Amino acid sequence: MCAGSILRHMKLKILTLIAALTTASITPSSAAECEIACVDVYTQDGQLIFEARKGSGPKASVAVRPKIVAKPKAKAAVKPKVVTAPKIAVPKKKVVPRKLAPVPVAATSLSDRISKSLPTAGISYQPNFQPLINVPVYFWSDVPTLFRSKVDLIGESIDVAMRPSFTWSFGDGSFATTTDPGGPYPNGRITHIYSNPGTYPVILITTWGGSFTHNSIERAITGQIKKSSALSITVVAAPTRFMN
Numbered sequence: 347m348c349a350g351s352i353l354r355h356m357k358l359k360i361l362t363l364i365a366a367l368t369t370a371s372i373t374p375s376s377a378a379e380c381e382i383a384c385v386d387v388y389t390q391d392g393q394l395i396f397e398a399r400k401g402s403g404p405k406a407s408v409a410v411r412p413k414i415v416a417k418p419k420a421k422a423a424v425k426p427k428v429v430t431a432p433k434i435a436v437p438k439k440k441v442v443p444r445k446l447a448p449v450p451v452a453a454t455s456l457s458d459r460i461s462k463s464l465p466t467a468g469i470s471y472q473p474n475f476q477p478l479i480n481v482p483v484y485f486w487s488d489v490p491t492l493f494r495s496k497v498d499l500i501g502e503s504i505d506v507a508m509r510p511s512f513t514w515s516f517g518d519g520s521f522a523t524t525t526d527p528g529g530p531y532p533n534g535r536i537t538h539i540y541s542n543p544g545t546y547p548v549i550l551i552t553t554w555g556g557s558f559t560h561n562s563i564e565r566a567i568t569g570q571i572k573k574s575s576a577l578s579i580t581v582v583a584a585p586t587r588f589m590n
């Protein structure tokens, strides 16, 4: 084999390999699984969205129809031979079967979609009546540290686990970000000291994120859900009295 033939042969093998890899990358591995069941959980407009679909779409197949069988011709009765001029034989017409058009088969795909809301945090603080300046105020929220939900869609079971994180704005320009929901005195870990008396708007932003499990496979939920809560707190100065 000459050098030119070897080079052409190698180029052909390389092009074949590239075509095979390209085809493999175009067809995702999940495409076959999607015909069985596709499940997704994501967030939209502050809601948790569950989607599931399974089955295949409409396909076409050729309908089977009975074959056309030519009827046998009846034999003519035997008559006395009459000598006549010879006749020219006429060829018989061939029966050509008609091509059958594809007949669509009904789709077997199923899909369903539901949405769920997550709890909104309530805010509490202690002391709950006129806390004093320069004294720690304890804050906490009443949301659970783990939100679990199980949903069944078109026969598919989906388990969701969501966890919150918290961003506190204490109204005097101070902020705190944590995964701790806080608590009352003496074990609470979310505290703030106000230096000046006044009424302050306290805002709590709860951010939910998590994962879902389907067929023992865990995946991250796309997006996050943010919920806000607010209240006002009035802080007063400690009364002072001078005595001789």
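When you read off a place in the sequence shown, starting at 1, and then add 346, the result is the number in the working numbering. Think of the CB as a built atom: it goes at the ideal place given N, C-alpha and C, for glycine as much as any other residue. Since we're looking at a predicted model, the values are computed, not measured.
Here Ser487 is buried. Its C-beta has 16 or more other C-beta atoms within 10 Å. With distances taken between CA atoms, Ser575 lies nearest to Val548 out of Val548, Ile563, Ala566. Here the C-alpha atom of Thr466 lies approximately 15 Å from the C-alpha atom of Gly528. About 4 Å separates the Cβ atoms of Arg399 and Ser457, confirming a contact at the 8 Å cut-off. When C-alpha distances from Pro510 are compared across Ile579, Ser503, Gly555, Phe521, the shortest belongs to Gly555. Nearest C-alpha to Phe485 among Gly392, Lys573, Pro532: Pro532. For Arg459, same chain residues with a beta-carbon under 6 Å away, outside a window of 5 residues either side, are Glu397 in chain order.
The shortest CA-to-CA distance from Asp391 to any of Ala383, Ser495, Cys384, Lys462 is the one to Lys462. Residues of the same chain with a CB within less than 6 Å of the CB of Ser578, apart from the 5 flanking positions on each side, are Thr545, Pro547 in chain order. The straight-line gap separating the alpha-carbon atoms of Pro490 and Met589 is approximately 50 Å.
Taking C-beta separations shorter than 6 Å and ignoring five residues to either side along the sequence, the partners of Val497 in its chain run Phe396, Ile504, following chain order. When secondary structure is reduced to three states using DSSP, Ser575 falls in the strand class.
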